[in-house]
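Written below as structure tokens is the structure these notes are about.
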Amino acid sequence: AAGVIQSPRHLIKEKRETATLKCYPIPRHDTVYWYQQGPGQDPQFLISFYEKMQSDKGSIPDRFSAQQFSDYHSELNMSSLELGDSALYFCASSSGTGAQPQHFGDGTRLSIL
Amino acid sequence: AQKVTQAQTEISVVEKEDVTLDCVYETRDTTYYLFWYKQPPSGELVFLIRRNSFDEQNEISGRYSWNFQKSTSSFNFTITASQVVDSAVYFCALSEAGTSGSRLTFGEGTQLTVNP
Numbered sequence: 403a404a405g406v407i408q409s410p411r412h413l414i415k416e417k418r419e420t421a422t423l424k425c426y427p428i429p430r431h432d433t434v435y436w437y438q439q440g441p442g443q444d445p446q447f448l449i450s451f452y453e454k455m456q457s458d459k460g461s462i463p464d465r466f467s468a469q470q471f472s473d474y475h476s477e478l479n480m481s482s483l484e485l486g487d488s489a490l491y492f493c494a495s496s497s498g499t500g501a502q503p504q505h506f507g508d509g510t511r512l513s514i515l
Numbered sequence: 003a004q005k006v007t008q009a010q011t012e013i014s015v016v017e018k019e020d021v022t023l024d025c026v027y028e029t030r031d032t033t034y035y036l037f038w039y040k041q042p043p044s045g046e047l048v049f050l051i052r053r054n055s056f057d058e059q060n061e062i063s064g065r066y067s068w069n070f071q072k073s074t075s076s077f078n079f080t081i082t083a084s085q086v087v088d089s090a091v092y093f094c095a096l097s098e099a100g101t102s103g104s105r106l107t108f109g110e111g112t113q114l115t116v117n118p
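What follows is the structure in structure tokens.
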């Protein structure tokens, strides 16, 4: 079965640079979520989109923005990168409400030098 | 606000032992969903089970079983006859019901190590 596709798998940036992470949800899933997982931490919710509209917002820095496109893929844009942004970024998708399980991609490991 | 607590940071067992991972949650919602995810050393998050707040029936799937007790706000996970491949971090998570795009609130995770 098709899974959530994230790209790139690994990304190395320097401080103050920008980065764009991409997420392609499971076909027919209309909801996309972004999470950030620091080393040894649990995943922290950043933001979600349902039918291309932002539906929930968590602890996402103002330097980050995201959107969901007409084909349901999503991009997380990160600017003025800081050392503390080094983390594993997960995208997940689901169909509809919180009742449905979120299926996660393999993540993008972002390293800030 | 929602909160999930996994008091066991690390558990180490010998293969074939049974092991139970504890999860306690807090929510003001009357309708909510509970989940368990597995994160093996390779890093991906694998969905294991979902349980809604109205269904307290325990569930068994192979060597895995889950005990949901609303009275104690607990959703514990038991692995029977553990295997080395069960070594991973296990996360318990909670979400509100009925809202599209509802976030998952995760517990801190339990690192399970199964030794041969």
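The listed protein sequences correspond, in order, to chains A and B.
Under my numbering, the residues of the first sequence are numbered 403 to 515, in order.
Under my numbering, the residues of the second sequence are numbered 3 to 118, in order.
Note that the Cβ used here is the ideal one computed from N, Cα and C, for glycine as well.
Check: Please report whether the beta-carbon of HIS412 of chain A lies at a distance below 9 Å from any beta-carbon of chain B.; Outcome: no
Check: Secondary structure at LYS417 of chain A, three-state DSSP: helix, strand or coil?; Outcome: coil
Check: Check whether chain A comes within 9 Å of GLY64 of chain B, counting only Cβ atoms and requiring the distance to be less than that.; Outcome: no
Check: Please tell me whether PRO445 of chain A has its Cβ less than 9 Å away from any Cβ of chain B.; Outcome: yes
Check: With a Cβ-Cβ cutoff of 9 Å, do HIS412 of chain A and SER495 of chain A count as a contact?; Outcome: no
Check: HIS505 of chain A touches chain B at which residues, Cβ-Cβ below 8 Å?; Outcome: PHE49
Check: On a Cα-Cα basis, can you pick out the residue from B:ARG30, B:GLY111 and B:PHE37 that is closest to GLY440 of chain A?; Outcome: B:GLY111
Check: Can at least three beta-carbon pairs, one atom from the segment 60-74 of chain B and one from the segment 500-514 of chain A, be found at a separation below 8 Å?; Outcome: no
Check: Relative to the alpha-carbon of SER517 of chain A, which residue among A:LYS459, A:VAL434 and A:GLY509 has its alpha-carbon at the smallest distance?; Outcome: This structure gives no information on residue 517 of chain A, because the portion of chain A shown stretches from 403 to 515.
Check: So is PHE16 of chain B buried or exposed if we call it buried at 16+ other beta carbons inside 10 Å?; Outcome: Per the sequence presented here, residue 16 of chain B reads as Val, with Phe not at that position. So VAL16 of chain B ends up on the exposed side.
Check: DSSP three-state call for VAL16 of chain B: helix, strand or coil?; Outcome: strand
Check: Checking contacts by CB at 9 Å: is SER14 of chain B closer than that to chain A?; Outcome: no
Check: Give a yes or no on whether the C-beta atoms belonging to SER97 of chain B and TYR34 of chain B are separated by under 9 Å.; Outcome: yes
Check: Just curious, the beta strand (DSSP E) that VAL26 of chain B is in, first and last residue?; Outcome: 26-28
Check: With TYR66 of chain B and LEU47 of chain B assumed to form a contact (beta carbons below 8 Å), what rounded beta-carbon distance in angstroms separates them?; Outcome: Their Cβ separation, rounded to whole angstroms, is 16 Å, which puts TYR66 of chain B and LEU47 of chain B out of contact at 8 Å.
Check: Run the proximity test for TYR66 of chain B: is its beta-carbon closer than 8 Å to any non-hydrogen atom belonging to the ligand GDP?; Outcome: Looking at this structure, you won't find the ligand GDP or any other ligand, since it has none at all.
Check: Can you tell me where the beta strand (DSSP E) holding ARG52 of chain B begins and where it ends?; Outcome: 48-54
Check: Check distances from the C-beta atoms of the segment 481-497 of chain A to those of chain B and list, in chain order, the residues that come in under 9 Å.; Outcome: LEU490, PHE492, ALA494 and SER496
Check: My guess is that LYS40 of chain B and ALA90 of chain B are in contact by the Cβ rule of under 8 Å, so how many angstroms apart are they, rounded?; Outcome: 5 Å
Check: For the beta strand (DSSP E) that SER476 of chain A lies in, which residues bound it at each end?; Outcome: 476-480
Check: Since THR80 of chain B is in the beta strand (DSSP E), which residue starts that stretch and which ends it?; Outcome: 76-81
Check: Look at ASP57 of chain B and PHE77 of chain B and say whether their C-beta atoms are less than 9 Å apart.; Outcome: no
Check: Between VAL21 of chain B and LEU114 of chain B, is the Cβ-Cβ spacing less than 9 Å?; Outcome: yes
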